[in-house]
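Reading through the structure tokens given below for one structure.
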Amino acid sequence: MPSKDTRSEPPSYEGPPEDEEHLPLYGGFEHEQVDQNALPVSKASPDEVRQFIIHVLVSRRQLPTDHARRVAARWTIGYGLELRTYSPSMYLELFGSEDGWILYKEVKLMMHAESKKKPINRYGPVH
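Residue numbers (my numbering): 65 to 191.
Quick look at the structure:
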């Protein structure tokens with residue numbers, strides 16, 4: 065019976081930075097109708113989420129654009145819904161401890177601000 069190789073390798077996103085030089089940068093996907101200061105909607109595409117991540121890291125955290133693009137490139141298939149609902153541990157797993165925590169915190173702060181802006185209709189729907 066052949067033996068199975070059970071070595072566990074670190075996730076691909078934990079590779080050396082020089083390996084990241086060949087990652088796509090997703091620089092050409094900006095959409096004019098998307099407000100980059102707002103959280104992506106639940107149905108936002110992965111490209112829109114990556115643009116949002118870049119925007120947050122550059123505009124709110126003053127990080128270099130190339131660093132923000134490398135971080136955003138780690139977001140591969142999730143939609144806006146996942147961005148809004150992932151746990152802190154998922155952010156840390158995807159983006160690393162420092163970038164993951166910063167992104168999680170910024171998203172939650174924006175969600176809180178977004179919820180404060182929505183009017184509450186205490187009398188039910190208007191007919």
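The beta-carbon is built from N, C-alpha and C at its ideal position, and this holds for glycine as well.
Would the stretch 171-180 count as touching the stretch 135-142 if we require 3 or more Cβ pairs under 8 Å? Short answer: they don't touch.
Using DSSP with H/G/I as helix, E/B as strand and the rest coil, what is Y168? In the structure shown, Y168 adopts helical secondary structure according to DSSP, grouped into three states.
Where A108 falls, given that 16 or more other Cβ within 10 Å makes a residue buried: A108 is buried by the Cβ-count criterion.
Where P152 sits in the DSSP three-state scheme: Helix at P152.
With a threshold of 16 other CB atoms inside 10 Å of the CB of H95, please say whether the residue is buried or exposed. Its pLDDT being 43, under 50, H95 is placed unreliably by the model, and the measurement read from it follows with that caveat. Exposed: under 16 other Cβ atoms inside 10 Å.
Note the first and the last residue of the continuous alpha helix (DSSP H) segment covering A136. In this chain, the alpha helix (DSSP H) harbouring A136 covers 129-136.
Buried or exposed by the 16-neighbour rule on C-beta atoms within 10 Å, applied to Q97: Interpretation of Q97 is limited by its pLDDT of 41, a score under 50 that renders its predicted location unreliable; no figure is taken from the coordinates.
Inter-residue Cα distance where the pair is G92 and K181: Here G92 scores only 47 on pLDDT, less than 50, and its place in the model is too uncertain to base an answer on.
Less than 8 Å between the beta carbons of L121 and V105, yes or no? Not in contact: L121 and V105 (Cβ atoms no closer than 8 Å).
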